[in-house]
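See structure below.
Protein chains: 4
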Amino acid sequence: MKFNVASDLLFRVDEPTTLLLNLEAARYGRQVVLKEQLILPDGARVDEFEAPQERNRITRITLAPGEAPIRYRAEIELSPILGDPAAIGEIPIDRLPLHVTGYLLQSRYCQSDRLERFALEEFGDFEPGWTRVQAIANWICEHIAYRSGSSSAQTTAVDTLVEREGVCRDFAHLGIAFCRALRIPARFVSSYAWQLDPPDFHAVFEAYLGGRWWIFDATRKSAVDGLVRIGTGRDAADAAFTTVFGSAELLDMTVSIAADGENAEPTTMPVSFAD
Amino acid sequence: MKFNVASDLLFRVDEPTTLLLNLEAARYGRQVVLKEQLILPDGARVDEFEAPQERNRITRITLAPGEAPIRYRAEIELSPILGDPAAIGEIPIDRLPLHVTGYLLQSRYCQSDRLERFALEEFGDFEPGWTRVQAIANWICEHIAYRSGSSSAQTTAVDTLVEREGVCRDFAHLGIAFCRALRIPARFVSSYAWQLDPPDFHAVFEAYLGGRWWIFDATRKSAVDGLVRIGTGRDAADAAFTTVFGSAELLDMTVSIAADGENAEPTTMPVSFAD
Amino acid sequence: MKFNVASDLLFRVDEPTTLLLNLEAARYGRQVVLKEQLILPDGARVDEFEAPQERNRITRITLAPGEAPIRYRAEIELSPILGDPAAIGEIPIDRLPLHVTGYLLQSRYCQSDRLERFALEEFGDFEPGWTRVQAIANWICEHIAYRSGSSSAQTTAVDTLVEREGVCRDFAHLGIAFCRALRIPARFVSSYAWQLDPPDFHAVFEAYLGGRWWIFDATRKSAVDGLVRIGTGRDAADAAFTTVFGSAELLDMTVSIAADGENAEPTTMPVSFAD
Amino acid sequence: MKFNVASDLLFRVDEPTTLLLNLEAARYGRQVVLKEQLILPDGARVDEFEAPQERNRITRITLAPGEAPIRYRAEIELSPILGDPAAIGEIPIDRLPLHVTGYLLQSRYCQSDRLERFALEEFGDFEPGWTRVQAIANWICEHIAYRSGSSSAQTTAVDTLVEREGVCRDFAHLGIAFCRALRIPARFVSSYAWQLDPPDFHAVFEAYLGGRWWIFDATRKSAVDGLVRIGTGRDAADAAFTTVFGSAELLDMTVSIAADGENAEPTTMPVSFAD
């Protein structure tokens, strides 16, 4: 299915300031960037980098004082794999591909090392595999209140678990932490998210099951087969849409995504874009 | 019912060291100290203090270098009030005696301010009063593993909730934090605990319901009508059996309590010693 | 010296809501309330309590839905003791009055138990007594940036020490934590603060030295001989100017204090109001 | 210079247990593994992985119940670059190679996002470059007490900064966190460490300066030109010498390293092994 995505950011800086932007859609086999355009302020010094493993596309830009509009437009073709919940199992630790074991580790916002008993108690009895991770996502959706402004850049999965409120990034962090605590590799994905209302950048998580990465949205706010991936990493630290070195005020931001096709309907089946 | 309690502590200090001891049974109307003896090392400088409100009895002693045995023996008469669970309600905040409102506040180990949503979600639907606090105690007993050595002097209620293991002090802290989050005054009680096996100092909590303080042991390890109170406070910081200023090694400690009467049987009814 | 203090708070509540107010000046020998008036919304149910030990004056009020103005006016006579810095020493732990030892303990916002090495390293070499506590206050003033909005109701002394910014309450918490880590009893004081600009409620701390409580303002923003005490306690949890049970929006607040006398000049000497 | 390294671990497991080992010396241009032998228990299922970027060598082994000895022996040739302190500068953020910017991010044990003010205040005035990072290492050595057993697997850089004690891993975490807070990429290195006494696995950190990674040992316990690198990563989560999935008791462990040459002398100059 094709999607048109767009983001418009307007920054103001008072002195020359460097930003790392991660706004561009990632290039995977199942996520093809058909067309795209990143429009940066005139005269800005710019360079780009595509991370070899997760393929995050980083654009570094140094802004001169003043207002700096940044625009991204892209047309994306998504070809998700849809799975059968019952057939997507967990891979025991002794057979996991070693290159995914890094996603079992605790990270800045996902202290899975502290949640082993909790995760085992709440989720230990579910059918291993997609069913269990979906149970995790359901638990989060039912127990954590989604409240704009209820968390900060320092909020961790443990905080969210205790305080029982957060935003999409916190929901994703908690899902990741529970998965890792159960020895399921899990990672953070930032995205343009189809059907998210109101439109915004969105965070979801992926769990490595049955040899692939499957997408979960614990907020239940997006249609995950229309998820246009931007950044992938251990947690939000790895996939910020913008990292500012200095001080830049974000004056305005709009984000959008639209399915190219009138009758597009989201799936309810398991969705995967990456192996 | 009468109880004989005893504690024997053996310290070694290398240089003159001051300790605050809180080993002596508190004196309340329903807890009468019939006889007692506190035997301190010869020649130690000693003074005593009984806190006016919670009646904790503090003995300050400065030990000379060497080994220092400390022994306490007492005979205690307990006259608990036994209540009817259904009749013990919560007092709304606008009618609580103002002198107990301090026990609604967050404290070092009981960050009730962070647990409001959690407490409301888990315990909001129970019948207010003894039934609800008992539900809290039950939840803790069922979800937190009792494991010696699993926590430290810095472990808080939030840590215990996340890591799902602890000792009696952690169980009490979590019970207190949940109560306060629900606007039920709650406090920490250190004690000689009847039927605790193996014998040791023990921590439980009290909740203020229906105009009295009712005892709860979330570990379910003691018989609370045989609870000989030592210290009372907001949390363990207030009721340490010994606070050492300097360094004193505790070489040995034994604690015991016995009911004076062969056929003594613990009650299963709500128990209160204090108003 | 005489002072006129005033505070005006305007709340809006949507449903009946109970508040504990602590706005009234405390009554101590050296702080005499000459005249005062607390004007509460008509028809509100009200009761009052003066804590026996710290003498905090708590007014409980249950507000009906709507806007609720609360006004306090008072005329206060302060008779501080001024001390000689060199003569105000520390009292060793074995001679401290036992009733102040509770102020050596860690509390919700003052985790002194974690700061012993830090405090000893930074402040261990100063002359014990007022000089050392003043060194603590100076260190805080020099190392912590005062920034409105930089902290929250959950910010602790440890957070402030790490993040190096805060407001008056955070400055006080850090001072208290350092003192206790050095075995100097210390406590939190909320106040109307002379010369504070812009006027607001203010937080300072007291340290127990030479047999009295001496006032320190690590923000250096107020004149401490014109400090009209409201609440006293272990930390901000004990001395909030308002504790809301339910949800009340504070629409507006103004606070003022003025010295009654044209040429009043603040002192630079140690100041104490309490023993 | 050549070094002989060895490690001997003896585990006992009660049920089949999978371990990820990271004991083998990494293979870099300036660290050549001349000979090596990893001896694993007979019959164990084993597979290996060398991470493409940091080149950590992971061996996965599933142990059968019983005692399991693991032995590693290697002969390593190190060819460090020695630098001139004054010539090793910092690279501004707008010219840093983009592939190292990931090492600017906060991580599980290195919350650099919380330490910006602290780092700027303490280290902002030093000459940027090697001199400044050495000042960080010196500060840590002077302010943090090295004490075995003083920290746990959950201890973070913030904890170490507050509590002022730790072991090599904590020293490294704090160094990394300070560097990142100053926008200097920094990473964790586990190692066989020449002249460390008593011998053990050791943790140090690297900072990216002047286009290379320079080694710093804030404990001052090892000779960094004799540092045989094992694992590299954001923090200790990435470079544990053993990660156990299940429960394995480490019964015994010995580690050694010896310079192959009688008169080997450590350098005092800046040392780098990696670009």
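Chains as they are written, first to last, in the numbering used here: chain A, 8 to 282; chain B, 8 to 282; chain C, 8 to 282; chain D, 8 to 282. C-beta atoms are modelled at their ideal positions from N, C-alpha and C, and glycine is treated no differently. On a predicted model such as this, the values are computed, not experimentally measured, just so you know.
Closer than 9 Å by beta-carbon distance: list the chain C residues that pair up with R34 of chain B, in chain order. Near R34 of chain B there are no residues of chain C at all, since even the closest Cβ is about 16 Å away, more than 9 Å.
Contact check, P92 of chain B vs P273 of chain B, beta carbons under 8 Å: Remark: C-beta atoms of P92 of chain B and P273 of chain B do not approach each other more closely than 8 Å.
Along the region 244–270 of chain D, what residues have a CB closer than 9 Å to any CB found in chain A? The region 244–270 of chain D vs chain A, Cβ under 9 Å: A244, D245, A247, T250, F252, G253.
Classify A160 of chain A as helix, strand or coil using the three-state DSSP reduction. DSSP, reduced to helix, strand and coil, places A160 of chain A outside both helices and strands of the structure shown, so it counts as coil.
If you count every other CB in all the chains shown that lies within 10 Å of the CB of N29 of chain D, and 16 or more means buried, which is it? Label assigned to N29 of chain D: buried.
In this structure, how does DSSP classify F56 of chain D when only helix, strand and coil are distinguished? Residue state, collapsed to three classes: strand.
Could one say the Cβ of F125 of chain D lies closer than 8 Å to chain C's Cβ atoms, at least one of them? Taking Cβ atoms only, chain C reaches closer than 8 Å to F125 of chain D, which makes this a yes.
Distance between beta carbons of A164 of chain A and H180 of chain A, contact taken as under 8 Å: That pair is a contact at about 4 Å.
F178 of chain A to R121 of chain B, Cα distance in whole Å? Those two C-alpha atoms are separated by around 18 Å.
The region 79–101 of chain A: which residues have C-beta closer than 9 Å to a C-beta of chain D, in chain order? So the list reads P99, I100, D101, given in the order they occur along the chain.
Counting only beta-carbon atoms, is A225 of chain D nearer than 8 Å to chain C? With its beta carbon at least 8 Å from every one in chain C, A225 of chain D lies outside the interface.
Terminal residues of the beta strand (DSSP E) in which R80 of chain A lies: For R80 of chain A, the enclosing beta strand (DSSP E) stretches over residues 73–85.
Please list the partners that Q202 of chain A has in chain D, where partner means a Cβ-to-Cβ separation under 8 Å. Within 8 Å Cβ-Cβ: nothing; Q202 of chain A doesn't reach chain D, min ~31 Å.
In chain order, what residues of the same chain have a beta carbon less than 6 Å from the beta carbon of A210 of chain D, not counting five sequence neighbours either side? Only C175, R176, A179, S197 meet the Cβ criterion.
On a Cα-Cα basis, can you pick out the residue from D:V140, D:E123, D:L26 that is closest to L70 of chain D? For L70 of chain D, the closest C-alpha among the options D:V140, D:E123, D:L26 is that of D:L26.
Below 9 Å between beta carbons is the criterion; list the residues of the region 109–138 of chain D that meet it against any residue of chain A, in chain order. Those residues of the region 109–138 of chain D that come within reach of chain A (Cβ to Cβ, closer than 9 Å) are G109, L111, L112, Q113, S114, R115, Y116, C117, Q118, D120, R121.
Per-residue DSSP class, three states only, for N11 of chain A: Three-state result, N11 of chain A: strand.
Does the region 261–271 of chain B come within contact of the region 57–65 of chain B, defined as at least 3 CB pairs closer than 8 Å? Counting Cβ pairs under 8 Å, fewer than three are found: no touch.
Cβ shell of P192 of chain C (< 6 Å), same chain only, five flanking positions each side left out: Only residues of its own chain outside the window of five on either side were considered, and among them V107, Y110, L111, Y215 have a CB closer than 6 Å to the CB of P192 of chain C, listed in chain order.
Tell whether a beta-carbon distance below 8 Å holds between D101 of chain A and R52 of chain D. For D101 of chain A and R52 of chain D, yes; Cβs fall inside 8 Å.
Quick check: A32 of chain C and S119 of chain C, are their CB atoms within less than 8 Å of each other? At least 8 Å separates the beta-carbon of A32 of chain C from that of S119 of chain C.
Taking the alpha helix (DSSP H) that Q141 of chain B falls in, what are its first and last residues? Q141 of chain B -> alpha helix (DSSP H) spans 137–150.
Establish whether the CB of L28 of chain C and some CB of chain D are separated by less than 8 Å. Chain D has no Cβ within less than 8 Å of the Cβ of L28 of chain C.
7 Å Cβ shell around C186 of chain C - same chain, five flanking residues per side excluded: Cβ neighbours of C186 of chain C beyond the five flanking positions: V140, I143, A193, A214.
In the DSSP output, what is S197 of chain D paired with across the bridge? DSSP lists D:A210, D:G238 as the beta-bridge partner residues of S197 of chain D.
Tell me whether F178 of chain B sits in a helix, a strand or coil according to DSSP, three-state version. Collapsing the DSSP output to three states places F178 of chain B in a helix.
Which residue from C:S158, C:E84, C:F133, C:P104 puts its Cα closest to that of R236 of chain C? Among C:S158, C:E84, C:F133, C:P104, the Cα nearest to that of R236 of chain C is on C:E84.
I believe R78 of chain C touches D15 of chain C by the beta-carbon criterion, under 8 Å. Please report the beta-carbon distance rounded to the nearest angstrom. 5 Å between Cβ atoms; contact.
So, is G240 of chain B buried or exposed, given that buried needs 16 or more other C-beta atoms within 10 angstroms? Looking at its Cβ environment, which holds 16 or more other Cβ atoms inside 10 Å, G240 of chain B is buried.
Taking only beta-carbon positions, decide if R64 of chain B is within less than 8 Å of chain C. No, R64 of chain B lies away from the interface with chain C (no Cβ there is under 8 Å from its Cβ).
Spatially closest choice to T24 of chain B from B:S279, B:D54, B:D259, B:S254, by CA coordinates: Out of B:S279, B:D54, B:D259, B:S254, B:S254 has the C-alpha closest to the C-alpha of T24 of chain B.
Am I right that Q202 of chain B and A230 of chain B are in contact with their C-beta atoms under 8 Å? What's the rounded C-beta distance? The pair is a contact, with the Cβ atoms about 4 Å apart (cut-off 8 Å).
Starting from L127 of chain B, follow the alpha helix (DSSP H) in both directions and report where the run begins and ends. Where L127 of chain B is concerned, the enclosing alpha helix (DSSP H) starts and stops at 123–130.
Examine chain D for any beta-carbon lying closer than 8 Å to the beta-carbon of L105 of chain A, and answer yes or no. Residue-level contact check: L105 of chain A touches chain D, since one or more beta carbons of chain D fall below 8 Å from its beta carbon.
Alpha carbon to alpha carbon, what distance is there between A244 of chain B and Q44 of chain C? If I take the Cα positions, the gap works out to 38 Å.
A184 of chain B - partner residues in DSSP beta bridges: BP columns for A184 of chain B are empty, so no partner.
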